[in-house]
Structures are given as C-alpha cells and as structure tokens.
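**Q** Numbering that gives the first Met the number 0 puts the first residue of the sequence shown at 0, with every later residue one more than the last. From the three backbone atoms N, C-alpha and C, an ideal C-beta is built for every residue, glycine too.
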Amino acid sequence: MLCFLLFVFLLFSSYTVEGQPVVPMLPDKTAVEEEKSRQCPDVSLENVTHGYIHSPNFPQNYPDNSDCKWVIMAPEGNTVRLVLYAMKIYEGCCDFLYIYSGHGREKKLIQRLNGKANMTTDAEQPLGISYQTHNTNVMTVHFISNMELNDMGFYARFDAVPDTYEVDKTPTSPCPDTHYTGSHGVIVSPRWPALYQNEALCEYHIDVDAGNLIQLYINYFVTESIFDYLTVHDGNSTKSKKVTSYNATQEQGLALRSSSSSLTLRFNSNPAICKQGFSITYWEVDDS
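(1) Which same chain residues end up closer than 6 Å to Arg80 when comparing Cβ atoms and leaving out the 5 residues on each side of it in sequence?
(2) Look up Gly103 in the DSSP assignment and say whether it is helix, strand or coil.
(3) Taking only runs of the beta strand (DSSP E) that begin and end inside the stretch 190 to 268, which ones reach a length of at least 3 residues, in chain order?
(4) Quick check: Gly91 and Val137, are their CB atoms within less than 8 Å of each other?
(5) Does Cys39 come out as helix, strand or coil in the three-state DSSP assignment?
(6) In the DSSP assignment, find the beta strand (DSSP E) that holds His49 and state where it starts and stops.
(7) Helix, strand or coil, according to DSSP, for Thr135 in the structure here?
(8) Can you give the Cα-Cα distance for Leu229 and Lys87, rounded to whole angstroms?
(9) DSSP beta-bridge partners for Ser278?
(10) Out of curiosity, what's the CA-to-CA distance linking Gly276 and Asn64?
(11) Do Phe153 and Leu108 count as a contact pair if the criterion is CB distance below 8 Å?
(12) Determine which residues share a DSSP beta bridge with Pro78 and list them.
(13) If you follow the beta strand (DSSP E) that Asp66 is part of, which residue opens it and which one closes it?
(14) Does DSSP put His90 in a helix, in a strand, or in coil?
(15) Could you tell me which residues DSSP pairs with Leu148 in its beta bridges?
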C-alpha cells in the first residue's frame with residue numbers, strides 16, 4: 000500500500016511546467032464571451048433604407064454559442080420590414096431567431112423562430128412572411144445558438160417603409176435585384192414574399208471570383224407546373240449553355256454547381272396562375 004501511494008505521488012508531481020505543478024483550468028468566462036464577439040459582433044445599422052443580414056458563416060452552418068444582435072434603425076417616419084429569404088435553424092431547445100419591434104428594455108417581441116423554412120404550397124404560410132415594427136423606426140433581431148447541433152441559419156432582407164405601409168401589401172417592383180457579385184447570397188422570385196405577377200420576365204446574373212464555381216441550394220420552389228419556369232445557364236448570359244429548368248414543386252436541398260465563375264438564371268411566367276415562386280441560396284466554392 001505504501002509503495003502504491005508513493006507511485007501516485009511521483010506520478011502527479013511529474014506533471015509540471017517550468018517547475019510549477021499543472022493545475023487543471025476551467026474555461027475562462029471572459030474568453031468565451033470574447034470568442035462569441037469575434038464570431039458575431041453586435042451590429043447597429045443607422046438611418047438605413049434597405050439591406051441584408053444573415054447568421055454567422057451563412058450559408059455554412061453557424062458556430063456553437065452564437066449570440067448575435069442587429070439593431071436596424073430606419074429614417075424617421077418609417078417602420079422596418081423584415082422578410083426571410085432562407086431559414087434552417089436547428090429545431091431543438093436552444094437555437095432561435097428573435098424579432099423585436101423597438102430596442103432596449105422597451106422592445107416588444109414580434110416573433111420567435113426556429114426549425115426549417117416552411118415548404119408548404121399554401122401561400123398564406125410562406126417562407127417569406129413579413130415582419131414589421133409597430134409605431135417605431137427600430138427593429139432588433141437576435142440570433143442565439145447553444146453548443147449542440149447546428150444548421151445553415153438564416154438570411155433576410157430589411158427595408159424602411161412608410162408608417163402607412165400595410166404589411167400584406169404586394170410589392171410593386173417587377174423584378175428583385177438582378178446582379179449578384181458577393182461570395183454568397185439569396186435570389187428570389189419577383190414580388191417575393193407575395194405571389195409573382197403574370198407574364199414575369201426576370202434575369203439574375205451571378206458572378207464570383209475567376210477560377211471559382213457557384214453552388215446553388217433550393218430553399219423553396221413552387222410555380223405553376225410547366226408554364227412558369229426558371230432556366231439556368233452555365234455562363235454570363237442566356238446564350239450560354241442551358242443546364243436545367245425548374246418548375247412546379249422542387250425539393251429543398253442542394254441543386255446544381257456551375258462549371259465556371261458565372262451563372263445566369265431566367266424566370267418566365269404565363270398570363271394565368273401565379274404562385275409564391277422561389278428562394279435559392281448561392282455561394283462561391285473552390286474549383287476542386
């Protein structure tokens with residue numbers, strides 16, 4: 000017994016650093032908070048009319064222990080309208096997206112979200128549902144995650160709209176943004192999140208750094224079968240090679256990858272039935 004105790008003493012006393020015993024250390028709370036802030040610093044957007052926000056690392060999985068806040072301040076006389084373009088937040092106890100009207104102690108919860116984007120064909124419950132502040136030009140968006148399973152996160156557009164704007168009013172712009180040059184983004188059908196219009200004709204051009212490729216991911220896709228369709232061309236114009244055409248209902252998930260640094264997409268609808276349309280995430284990938 001004495002020999003055993005002596006062995007244990009010698010074993011533990013041998014673990015030293017420059018002559019000092021090593022003491023097991025618990026994670027430093029300050030270090031954890033600093034790591035969070037590096038992943039996702041609080042952002043204050045002042046006097047803005049429109050823009051985009053997204054979870055850290057989007058469209059890749061967001062990190063553990065995310066704690067991200069965006070305070071969006073529109074010009075006086077406006078409210079703030081937020082539309083989700085993409086959302087895949089792990090559906091568990093602790094990963095959530097909170098949307099508030101106002102900021103600070105006076106803010107009021109508009110909605111708490113998690114889980115996958117709604118893939119129903121019911122236009123009354125779309126992925127792109129609008130959230131709007133009430134009697135304030137400030138919106139707070141708060142995203143949190145825990146240390147367990149993660150997912151793609153979210154991507155959203157915000158707009159300053161007049162106080163008299165009705166949240167369900169159909170946007171008047173015939174086509175959304177048409178040229179995308181960032182390393183990632185989300186393209187949507189015209190008038191999203193409302194139904195697209197009859198006889199729509201919209202082109203989308205995606206260009207990333209030379210030598211890289213473009214990956215597409217379908218968040219949501221519902222159009223009239225056969226007659227309303229999205230064609231994809233592998234190049235910088237509709238004269239480039241057509242690689243596929245989407246219509247009707249498409250499953251959520253990975254879609255095609257380009258063979259060059261450019262893609263062109265073209266959406267056509269006929270004069271008859273309109274549906275909600277589509278939301279498609281793209282991101283830049285290495286040519287490997």
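**A** On the basis of the supplied data:
(1) Non-local beta-carbon contacts of Arg80 in its own chain, meaning distances under 6 Å to residues more than five positions away in sequence, involve Ser129, Gln131, Asp158 and Val160 in chain order.
(2) Residue state for Gly103 is assigned as helix, using DSSP reduced to three classes.
(3) 200 to 206, 211 to 221, 228 to 232, 241 to 246, 252 to 256 and 261 to 267
(4) no
(5) coil
(6) His49 to His53
(7) Residue state, collapsed to three classes: coil.
(8) 23 Å
(9) Val187 and Tyr219
(10) 34 Å
(11) no
(12) The displayed chain sequence assigns Thr, not Pro, to residue 78. According to DSSP, residue pairing for Thr78 in a beta bridge involves Val160.
(13) Residues Asp66 to Met72.
(14) According to the sequence as given, residue 90 is Glu; it is not His. Three-state DSSP puts Glu90 in coil, outside helix and strand.
(15) Its beta-bridge partners do not exist; DSSP assigns none.
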